[in-house]
Amino acid sequence: MSGRPAIELGGGLRFDPPLLLAPMEGVTDRSFRGLVAEANPGAVGALCTEFVRVTAPPIPVRRLRAELVRPGPPGGPPLGLQLMGNRPETVAATAAGAAEAGADFVDLNFGCPAPRVFQHRAGSALLDDPPALERMVRAVVAACPLPVTVKIRAGGAEDRRIEEIVRRIEDAGARLVTVHARLRIERYTDPPDWRRIERAVAAVSIPVVGNGGVDSPAAVGRMFAATGCAGVMIGRAILADPWLFRRALGRPAPTDAAAQVAWLRCYAARMQEGGATPLQAAGRLKQIVKALVAAGRIHPAEAAHPLLRMAEPDAILERLGRILTGHGSGASLS
Numbered sequence: 000m001s002g003r004p005a006i007e008l009g010g011g012l013r014f015d016p017p018l019l020l021a022p023m024e025g026v027t028d029r030s031f032r033g034l035v036a037e038a039n040p041g042a043v044g045a046l047c048t049e050f051v052r053v054t055a056p057p058i059p060v061r062r063l064r065a066e067l068v069r070p071g072p073p074g075g076p077p078l079g080l081q082l083m084g085n086r087p088e089t090v091a092a093t094a095a096g097a098a099e100a101g102a103d104f105v106d107l108n109f110g111c112p113a114p115r116v117f118q119h120r121a122g123s124a125l126l127d128d129p130p131a132l133e134r135m136v137r138a139v140v141a142a143c144p145l146p147v148t149v150k151i152r153a154g155g156a157e158d159r160r161i162e163e164i165v166r167r168i169e170d171a172g173a174r175l176v177t178v179h180a181r182l183r184i185e186r187y188t189d190p191p192d193w194r195r196i197e198r199a200v201a202a203v204s205i206p207v208v209g210n211g212g213v214d215s216p217a218a219v220g221r222m223f224a225a226t227g228c229a230g231v232m233i234g235r236a237i238l239a240d241p242w243l244f245r246r247a248l249g250r251p252a253p254t255d256a257a258a259q260v261a262w263l264r265c266y267a268a269r270m271q272e273g274g275a276t277p278l279q280a281a282g283r284l285k286q287i288v289k290a291l292v293a294a295g296r297i298h299p300a301e302a303a304h305p306l307l308r309m310a311e312p313d314a315i316l317e318r319l320g321r322i323l324t325g326h327g328s329g330a331s332l333s
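And the structure:
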């Protein structure tokens with residue numbers, strides 16, 4: 000996909016290359032974001048925090064600043080603050096402090112399908128009420144000095160309103176919309192329908208970023224070709240292949256199991272240096288073990304069961320290294 004133009008959001012903000020790391024709850028903390036950027040130098044166009052749930056009162060700048068810590072040397076990809084809530088005035092008041100807190104842009108989450116979020120009329124629940132969604136975007140754009148982007152799913156229980164939704168987002172002043180190609184009710188199990196992204200692209204003039212089902216460099220190219228999207232957002236696939244951004248650009252990247260384990264060992268160490276307990280670090284590693292199973296890199300899947308019962312990061316990593324190097328289907332990332 001080399002040669003794809005950068006996404007220009009105005010005010011000097013650009014996503015170059017047009018490959019974005021998805022904001023993922025319980026995954027894209029500062030340790031993970033930093034390591035993905037380090038593993039893919041010059042290949043990640045933008046990063047985003049995990050969603051920050053805004054209730055009442057507005058979240059103070061000092062807490063936002065803690066979410067926006069950038070590990071490593073200055074520079075690196077633009078970093079967005081993702082906010083989610085159901086009260087336009089409260090979310091807007093929080094977004095107003097994003098620049099002071101260190102964000103480069105603000106992203107609004109209208110895609111989270113979690114039942115607990117839906118029950119509070121936040122996340123993807125607002126897809127069922129496009130006027131309310133538009134009011135939220137409009138309020139944040141008016142209050143925030145930074146570019147505002149939006150992430151949605153293609154709909155709640157159906158996709159017939161996707162054109163209306165993305166047009167309302169554009170009319171409200173958002174600079175970019177990311178469309179996850181599944182519906183809320185499809186969660187992460189049903190195959191994504193990229194035609195929904197193509198419909199969004201045709202409906203608006205702002206950049207549309209595609210998301211959902213991108214698990215390889217070839218899939219990145221296919222999404223660009225099939226949808227006409229301006230950019231691609233990579234999500235859970237990065238858990239199984241931390242060098243996927245480099246591969247998508249055709250650049251050399253590690254393919255051996257030892258490199259994978261070394262990367263995970265560094266991740267566990269960074270988490271604990273940042274204040275995570277060993278048990279919390281082990282929990283994050285188990286998410287990655289599950290992603291490796293889903294990607295077919297731990298085979299048979301039963302080999303992962305002992306890892307999921309362990310409570311110490313070092314024990315998980317030692318056992319994982321033996322599994323990956325002991326099975327041909329799990330030893331390669333290529």
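When we follow numbering that gives the first Met the number 0, the leftmost residue of the sequence shown carries the number 0, and every step to the right adds one. Note that the Cβ used here is the ideal one computed from N, Cα and C, for glycine as well.
Exposure of residue i, with buried meaning 16 or more beta-carbon neighbours within 10 Å
| i | result |
| --- | --- |
| L307 | exposed |
| A156 | exposed |
| D313 | exposed |
| I184 | exposed |
| P40 | exposed |
| L132 | buried |
| P77 | buried |
| Y187 | exposed |
| A5 | exposed |
| E169 | buried |
Range covered by the beta strand (DSSP E) that runs through residue i
| i | result |
| --- | --- |
| T148 | V147 to R152 |
| R52 | V51 to V53 |
| L80 | L78 to G84 |
| E7 | I6 to G9 |
| T177 | L175 to H179 |
| L18 | L18 to L20 |
Whole-angstrom C-beta distance between residue j and residue i, which should lie under 8 Å
| i | j | result |
| --- | --- | --- |
| R137 | A94 | Rounded, the Cβ-Cβ distance is 12 Å, inconsistent with contact. |
| G220 | R152 | Contact flag wrong, Cβ pair sits at about 23 Å. |
| L319 | V288 | 7 Å |
| G44 | L12 | At roughly 11 Å, the Cβ-Cβ gap does not stay under 8 Å, so G44 and L12 are not in contact. |
Other residues of its chain near residue i: CB distance less than 6 Å, five sequence neighbours each side excluded
| i | result |
| --- | --- |
| C47 | P22, G79, Q81 and D106 |
| L332 | Here the model assigns L332 a pLDDT of 48, short of 50, so the residue's position is not dependable and the matter cannot be decided. |
| F117 | A124 |
| D214 | A236 |
| T177 | K150, V208, N210 and M232 |
Where the alpha helix (DSSP H) containing residue i begins and where it ends
| i | result |
| --- | --- |
| R64 | V60 to E66 |
| R318 | P312 to G325 |
Own chain residues within Cβ distance below 8 Å of residue i, not counting five before or after
| i | result |
| --- | --- |
| P129 | R160, E163, I164 and R167 |
| L263 | L284, I287, L316 and L319 |
Same chain, Cβ closer than 7 Å to residue i, neighbours up to 5 away in sequence not counted
| i | result |
| --- | --- |
| A229 | I6, P17, P206, V207 and V208 |
Practice item. Could you name each continuous beta strand (DSSP E) segment of 3 residues or more that falls completely within the segment 210-282, going from the start of the chain to the end? Key: Within the segment 210-282, the complete beta strand (DSSP E) runs of at least 3 residues are 230-233.
Point to revise | Every unbroken alpha helix (DSSP H) inside the segment 81-121 [4 residues or more] | key: Runs of the alpha helix (DSSP H) lying entirely within the segment 81-121, each at least 4 residues long, are 87-94, 97-100 and 114-118 in chain order.
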